[in-house]
Ligand code: ADP
Ligand code: MG
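This is how it looks when you write it as structure tokens:
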């Protein structure tokens, strides 16, 4: 009869026990473990690191007329990453839905002094600025639902596309970055944002039709460039909601990189549940869960943006 101890050992070797979920995470030879180790190292090397101040204020508009591609998420998290790197940052929420104001924890109930009063009324940006409660050196120009009427009330106004630019010029803010979060359309609010900015940051969701619709955006940018704002350039493209396990995401990412080799950031933002949870706590993912893969990726994106110029 076979030795029962040997038999047990033979069986164990033939069917090695499944590694626990925990083990997979603590073992840096598994793909998940290796990623976690990489994230931890990235976080260690970036957190607390001071970012270089630009020579003059960089005004970046986060635009893409498609909804749900990560514009707001990118605007608030890149802004937080820059501010955590010691820079002074203002986020202008130019979307009447006010999602950026929510994610940055500032009040934007109807009637709150907001971008609407700057664009339509006679308040200055300085009158409506609110400090983000979670991140130092980060301020917000909130948007309220009142802004939804702006597209219509501006239509007949002279110089309607210069309202935001004039307000930014007049405020003459002592900050390093102004980041504008656009609504998902190519209407007057997005136009105002493009006229006011020097750079466009386009988030691209790595899924079907990612490049479709981009032609329209680039055409609009070119029209603005030729007519009113010669300085404007698409400086940055960020791949968002990237799921590298799918061939599709990899194909889209390499397509985008082939079209925009200079503009596309090296870092990709993974699809990550912490990113989508953070706004319900009125936070950016960088403060909500700084060690999560999403936070580390956005911190790295902010650093790449700051280092590139
Ligand atoms: P947009 O401003 O372009 O409409 P959002 O930034 O609001 O897009 O993102 C759309 C939705 O997807 C939001 O619910 C957001 O929390 C979620 N989201 C954005 N980026 C990610 C990500 N990398 N992983 C998981 N969820 C994300
Ligand atoms: Mg949005």
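In the numbering used here, the protein residues as written are 870 to 1178.
Ideal Cβ positions, reconstructed from N, Cα and C, are used throughout, including at glycine.
This structure is a prediction, so every number in the text was calculated from the model and none was measured.
Taking 8 Å as the cut-off, is the C-beta of residue i nearer than that to any heavy atom in ligand 2?
i	result
residue 941	yes
residue 1011	no
residue 966	yes
residue 949	no
residue 1052	yes
residue 932	no
residue 969	yes
Buried or exposed, going by whether 16 or more other CB atoms sit within 10 Å of the CB of residue i?
i	result
residue 1072	buried
residue 985	buried
residue 1087	exposed
residue 1224	Limits of the chain in this structure are 870 at one end and 1178 at the other, which puts residue 1224 out of reach.
residue 1021	exposed
residue 909	exposed
residue 990	exposed
residue 933	buried
residue 1050	buried
residue 1013	buried
residue 1163	buried
residue 1137	buried
residue 914	exposed
residue 1095	exposed
residue 954	buried
residue 977	buried
residue 939	buried
residue 1172	buried
residue 1030	buried
So, with DSSP's three-state summary, where would you put residue i?
i	result
residue 1069	strand
residue 1010	strand
residue 1015	helix
residue 1050	strand
residue 890	Only weak support exists for where residue 890 lies, its pLDDT of 44 falling under 50; the value from the coordinates is given anyway. Helix at residue 890.
residue 895	Note that residue 895 has pLDDT 45, beneath the 50 cutoff, so the model's placement of it is unreliable and the number below is only indicative. Three-state result, residue 895: helix.
residue 1178	coil
Am I right that residue i and residue j are in contact with their C-beta atoms under 8 Å? What's the rounded C-beta distance?
i	j	result
residue 1182	residue 993	The chain is shown only over 870 to 1178; residue 1182 falls outside these bounds and no answer can be derived.
residue 981	residue 1148	Rounded, the Cβ-Cβ distance is 18 Å, inconsistent with contact.
residue 975	residue 997	About 10 Å separates the two Cβ atoms, so there is no contact after all.
residue 1174	residue 947	6 Å
residue 1065	residue 1037	5 Å
residue 950	residue 1167	6 Å
residue 1101	residue 1090	6 Å
residue 811	residue 1047	The chain is shown from 870 up to 1178; residue 811 falls before or after that span and cannot be answered.
residue 957	residue 1044	4 Å
residue 1236	residue 967	Past the edges of the chain, shown from 870 to 1178, lies residue 1236, and the structure says nothing about it.
Is residue i near ligand 1, going by C-beta to nearest heavy atom under 8 Å?
i	result
residue 1113	no
residue 1073	no
residue 1110	yes
residue 1106	no
residue 936	yes
residue 983	no
residue 1160	no
residue 1056	no
residue 1062	no
residue 1142	yes
residue 1138	yes
residue 955	no
residue 1148	yes
residue 1163	yes
residue 1017	no
residue 978	no
residue 1145	yes
Under a CB-based cut-off of 9 Å, is residue i close to chain B?
i	result
residue 1134	Judged by its chain identifiers, the structure shown contains no chain B, having just a single protein chain.
Kindly provide the ranges of any beta strand (DSSP E) runs that are 3 or more residues long and lie completely inside the stretch 918-1006, ordered along the chain. 927-931 and 958-962
Just list the alpha helix (DSSP H) runs in the stretch 1076-1139, keeping only unbroken ones of 4 residues or longer that don't cross its boundaries, in chain order. 1083-1096 and 1116-1128
To test your reading of the DSSP string, which unbroken alpha helix (DSSP H) runs of 4 or more residues are found completely within the stretch 1149-1173? 1154-1157
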